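For what it's worth, our numbering labels the leading residue of the sequence shown as 339, then goes sequentially. Note that CB positions come from ideal geometry on N, CA and C, so glycine has one too. Model, not experiment: these values are computed from the prediction.
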Amino acid sequence: MTKQKNPSGLELIYEGSVKRVFKTHEKPDRLFFHFTDDYSVFDWGKMPDTIENKGRALAKMGAFFFQQLGAPDIFQRLKGNKHLERFDKAFLESRFKHPVFDGVCGVVNFGLPHHYKDLLETESKETSLVDSILGATPLMEVLSARVERPDLHQIDGQPIYFYPHTEAQNHAQMTGRRLVPLEIVFRFGMPAGSSLKERLEKNPDYARQIGLKTQPKEGDWLERPVIEFFTKLEPKDRLLSTQEAAHISGLNSFEFEYLTEMSFQAALALYVLFAEKGIELWDGKFEMIIDYGAHKEAESTGTSTGGILLLADSVGPDELRLIYKGVHLSKEMIRRIYRGSPWEESLKKAQLMAKGRGVADWKGIALSELKASPERLSGDEKASIDKLYGTLANHLIGETVFENHPTLDQFIDELPEKLRGDASPAAQTGKR
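Shown next as structure tokens:
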């Protein structure tokens with residue numbers, strides 16, 4: 339991690355519900371992520387409260403996980419690892435034989451490619467507007483990548499999205515780095531609250547489609563990890579078949595296979611990293627970028643098989659579902675506060691109304707027609723959640739990054755009963 343003043347000439351180019359993205363003319367091939375103390379659930383956007391130390395903790399944990407995944411050590415510990423014994427041996431052997439794992443440039447030799455470059459601790463005295471916005475939260479420096487957003491067209495009353503990079507005239511001219519417009523969701527189990535349960539109930543054959551031989555029950559670990567694909571750049575995350583995901587990705591067959599295999603390898607590595615800290619990783623999501631510039635020399639000789647996939651965005655509790663002694667440690671703890679509330683029910687209704695009208699703006703319907711908005715957290719809820727991210731960062735990194743925070747065991751012991759949730763006995767004990 340580098341301690342320095344904020345890069346000069348920072349320009350805000352994107353502001354999401356929980357993260358700001360800056361660029362600078364000093365480093366045109368880099369972006370700078372600023373994680374805020376805001377949070378979002380159910381794709382709503384910024385919620386009415388903030389969470390103490392959340393942004394700083396996410397930056398610290400994100401850097402930690404990129405560094406862990408970017409080195410070969412964790413991947414060298416996967417074969418024969420006791421923490422993976424519950425999963426199908428044939429599945430694991432297939433992963434370990436794939437070139438992504440043990441090829442010439444495999445992760446077991448070089449670690450996982452990613453876009454992370456550095457974490458910049460600011461020494462700013464808040465002398466500018468940008469510095470006052472950033473405060474004490476470090477900037478995460480990453481490789482830049484262009485974002486090619488889909489165009490929305492209404493066809494026969496239905497919203498249809500067209501992705502510019504999938505058009506023939508554009509696909510033949512791929513250069514530089516591009517965000518792959520997919521959320522890649524990996525699952526090791528089906529804890530309470532998992533959306534997978536609803537899909538399996540609606541379509542019993544769905545288990546087979548995602549690679550399962552048996553139908554899991556709520557609280558079960560899956561016989562093997564599975565991957566699902568969702569849209570990244572549409573107003574609501576839309577479930578995709580693997581065929582649809584391959585098309586929307588704009589990748590060739592080689593690249594899409596590597597995206598899938600890299601996701602499995604990264605997921606298995608994270609599973610072991612958390613297990614070594616006594617935490618269960620049940621599911622999570624990744625984003626990837628494709629770097630075409632890395633193969634310019636190979637292209638000139640006709641030996642290139644495509645671009646290089648890089649793990650992107652960040653890795654942390656907002657992207658993962660974590661359980662410790664039966665208690666959710668990730669953003670799922672916050673989701674459970676709002677789940678089943680009148681506000682969440684209004685969101686579901688608004689989404690159905692938007693779908694029926696063939697429009698994408700379900701949030702506008704929720705606000706203007708249903709007058710739905712989330713309530714603030716109660717005092718005891720916020721007091722507990724304020725300790726969540728800092729406590730988790732200390733536990734995972736193995737250092738006291740945040741002073742005056744309880745140990746993870748103390749945090750669980752002091753947690754109000756209503757925030758403990760109702761993780762199933764199977765989830766608490768790890769039984770299949």
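Residues bridged to residue i (per DSSP)
i, result
"Q581", "Paired residues: none, contrary to the question."
"V480", "L369 and Y454"
"D489", "F500"
"V665", "Y662"
"D629", "R515 and I646"
"R358", "E353 and H372"
Nearest neighbour of residue i, chosen from the options [CA to CA]
i, options, result
"Q414", "A401, V438 and R394", "V438"
"V518", "A721, V480, L597 and H491", "L597"
"G354", "E364, L348 and M385", "M385"
"F749", "G678, Q689, E683 and Y662", "Y662"
"N447", "L416, P488 and F360", "L416"
"D494", "G696, G728 and A397", "G696"
"F370", "K357, F380 and S378", "K357"
"K535", "P554, F524 and I389", "P554"
"E459", "V442, L649 and M478", "M478"
"T729", "F380, F526, V359 and E390", "E390"
"A397", "G694, D699, E657 and S684", "E657"
"T504", "I735, R674, A583 and F434", "A583"
"D629", "L481, F524, E431 and Y499", "L481"
"R424", "T513, F526 and M512", "F526"
"L422", "E755, L619 and Y676", "L619"
"V445", "T475, A428, P476 and Q406", "Q406"
"M399", "I412, V379 and F373", "F373"
"F524", "P502, W559, F740 and F500", "W559"
Buried or exposed (CB count within 10 angstroms, at least 16 for buried), residue i
i, result
"H777", "Residue coverage of the chain in this structure runs from 339 to 770, which leaves residue 777 outside it and unanswerable."
"L490", "exposed"
"N541", "exposed"
"A704", "buried"
"D718", "exposed"
"V442", "exposed"
"D747", "exposed"
"Y352", "exposed"
"I672", "buried"
"I586", "buried"
"D651", "buried"
"H363", "exposed"
"D751", "exposed"
"A710", "buried"
"P563", "buried"
"S684", "buried"
"K435", "exposed"
"P366", "exposed"
"I498", "exposed"
"E755", "exposed"
"T475", "buried"
"N721", "Per the sequence shown, residue 721 should be read as Ala rather than Asn. Exposed is the call here."
For residue i, the first and last residue of its enclosing beta strand (DSSP E)
i, result
"D621", "E618 to F624"
"R516", "R515 to L517"
"R525", "L520 to G527"
"Y352", "E349 to E353"
"T598", "Segment S591 to A613 is the alpha helix (DSSP H) holding T598; no beta strand (DSSP E) there."
"L560", "W559 to T569"
Boundaries of the alpha helix (DSSP H) in which residue i is found, first to last residue
i, result
"Y501", "Looking at the DSSP string, Y501 is not in any alpha helix (DSSP H), and its letter there is neither H nor E."
"T374", "Where T374 is concerned, there is no enclosing alpha helix (DSSP H), given that its DSSP letter is neither H nor E."
"W681", "P680 to R695"
"V438", "P437 to D440"
"S533", "S533 to K540"
"R424", "Premise fails: R424 is in no alpha helix (DSSP H) and is neither H nor E."
"Q405", "K392 to L407"
"L734", "G717 to I735"
"D411", "D411 to Q414"
"W382", "Careful: W382 lies outside any alpha helix (DSSP H) and carries neither H nor E."
"G820", "Outside the displayed span of the chain (339 to 770) sits residue 820, for which this structure offers no information."
"Q547", "Y544 to Q547"
"R758", "E755 to R758"
"N419", "N419 -> no alpha helix (DSSP H), and no H or E assigned at all."
"Q553", "Unbroken run through Q553: none, as it is neither H nor E."
Test item: CB-CB of residue i and residue j under 8 angstroms
i, j, result
"F624", "A604", "yes"
"L647", "P410", "no"
"L708", "A692", "no"
"M528", "E572", "no"
"G449", "G408", "yes"
"F404", "V653", "yes"
"F568", "E539", "no"
"I565", "S591", "no"
"D375", "G393", "yes"
"L611", "H453", "no"
"I627", "R515", "yes"
"I617", "L660", "yes"
Any chain D beta carbon closer than 8 angstroms to residue i
i, result
"P488", "The chain labelled as chain D is not found in the depicted structure, where only one protein chain is given."
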